[in-house]
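Heads up: the sequence shown runs through residues 10 to 329, numbered per this note's numbering.
Positions of the beta carbon are idealized from the N, C-alpha and C atoms, including for glycine.
Every value quoted in this text rests on a predicted model; they were computed, and no experiment measured them.
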Amino acid sequence: MTTYAQQSSWREIQGFLPTQFQLQPGKEPQEEWWTWGKHHIHLDCYRNPAAPLKVILLHGVGTNGRQMSTILGAPLAHLGLETIAIDMPEYGLTQVAPCKPVRYDDWVQAGSDLIDMELAKDDRPIVLYGLSAGGMETYHVASKNKKVKGIVGMTFLDQRIPQVRDETALNRFMSRVGVPLAALTARTPLAGFRMPMAAASKMHALVNDKAALKACMADKTSAGKWVTMRFLASYMNYVPEVEPEVFDVCPILLTQPAQDRWTPLHLSELFLNRIQHIPVKIVMLENAGHYPLEQPGLSQMVTAVHEFCLSVIAAEPSRM
10 MTTYAQQSSW
20 REIQGFLPTQ
30 FQLQPGKEPQ
40 EEWWTWGKHH
50 IHLDCYRNPA
60 APLKVILLHG
70 VGTNGRQMST
80 ILGAPLAHLG
90 LETIAIDMPE
100 YGLTQVAPCK
110 PVRYDDWVQA
120 GSDLIDMELA
130 KDDRPIVLYG
140 LSAGGMETYH
150 VASKNKKVKG
160 IVGMTFLDQR
170 IPQVRDETAL
180 NRFMSRVGVP
190 LAALTARTPL
200 AGFRMPMAAA
210 SKMHALVNDK
220 AALKACMADK
230 TSAGKWVTMR
240 FLASYMNYVP
250 EVEPEVFDVC
260 PILLTQPAQD
270 RWTPLHLSEL
280 FLNRIQHIPV
290 KIVMLENAGH
300 YPLEQPGLSQ
310 MVTAVHEFCL
320 SVIAAEPSRM
């Protein structure tokens, strides 16, 4: 199976990050394979048995696990936490079993099962972090699993809300016609028909650097991915196990890039304003784009997530 040691795309992309966020030879994550059903799921891991907490990193529809390791997994590991970045089925280096159609529901189930697998090893608290679509995925996974101690999102997008669809889709036609058409197609023999995720969404706003965007779009395991009608329809119409008005599993942190040209703050607020029973904190990341390459936003994100994790640890008396 291909490993990131053999792949050049992530190295080209990380070249646009500040030097301190670029993984140097010998400092890359440990690559693990997890057999989930008939899929072979790739994990980027910084294992640390002495760490008081684990952070599981979830990518979106324009990134992959290695891109999570560079901006946050490695920095948090350097601060003493254990981190695990997963490549969800169809993305990154995860090997999808033949004749096993992938839906967004599988991403949520895989995230929940990964939590259970890690908790079976030890009882250290787990925090979820998600970028872009991965932000809302942290909520979906937490709602299903109910065992995590905190969730952090780089946006929380409820795609069931028409305004969210309108502002995150490539254009109004894709939002109002393309999405319903995908839902209809997903119920036909054409459910496996693929289209570029960039044709459905504002992937052109993934990063604010034009050269970096070109590198991201050339990566067929992340921003350049083609997805099926089945996956797209299930993602756009997913219904969480628990609606936000009654969610009480764990605290929430939003790390919102201030220069996000794809998913500005008000789209996440449409969802977060409905949370009533647990604390919600918002931290703005200065000068940062949707997938943040810029300072000081990157360092602000690491600090905010680390402090959030420390507050989770502090709330666990047995860990002190």
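So residue i is in the beta strand (DSSP E); what residue range does that whole segment cover?
i	result
Glu41	39-45
Gln265	261-266
His51	48-55
Ile65	63-67
Lys290	289-294
Are residue i and residue j closer than 7 Å when you measure CB to CB?
i	j	result
Ala221	Leu302	yes
Asp218	Phe25	yes
Ile65	Leu137	yes
Ala94	Gly74	yes
Thr197	Leu140	no
Please go through the same chain and pick out, in chain order, the residues whose beta-carbon is closer than 8 Å to the beta-carbon of residue i, but skip the five residues on each side of it.
i	result
Asn296	Ala267, Gln268, Glu303, Gln304, Pro305, Gly306
Thr28	none
Ser121	Val150, Lys153, Asn154
Tell me which same chain residues have a C-beta within less than 7 Å of the C-beta of residue i, skipping the five on either side of it?
i	result
Leu179	Ala208, Ala209, Ser210, Lys211
His315	Leu85, Leu88
By DSSP's criteria, residue i is part of a beta bridge. Which residues make up the other side?
i	result
Ala178	Ser210
Glu250	None, per the DSSP bridge assignment.
Trp235	Pro205
Just to confirm my understanding: we take residue i, look at its own chain, exclude 5 residues before and 5 after, and list those with CB closer than 6 Å. What are they?
i	result
Ala142	Gly69, Val70
Arg328	Annotation note: pLDDT 49 at Arg328 (below 50); position unreliable, coordinate value reported separately. Counting only Cβ-Cβ distances below 6 Å, and skipping sequence neighbours, we find Pro61, Ile322.
Glu41	Leu52, Cys54
State yes or no: is the C-beta of residue i nearer than 6 Å to some heavy atom of the ligand ATP?
i	result
Gly46	Absence of the ligand ATP is noted for the structure shown, with no ligands found whatsoever.
Under DSSP, the alpha helix (DSSP H) around residue i begins and ends at which residues?
i	result
Val314	306-323
Leu279	274-281
Ile22	18-23
Gly74	74-77
Lys219	219-226
- Task: Mind listing, in chain order, the continuous beta strand (DSSP E) runs of no fewer than 3 residues lying wholly within the stretch 83-147?
- Result: 91-95, 135-140
- Query: Of all the alpha helix (DSSP H) runs that stay within the bounds of the stretch 150-194, which reach a length of 4 or more residues?
  - Reply: Runs found: 171-177, 188-194.
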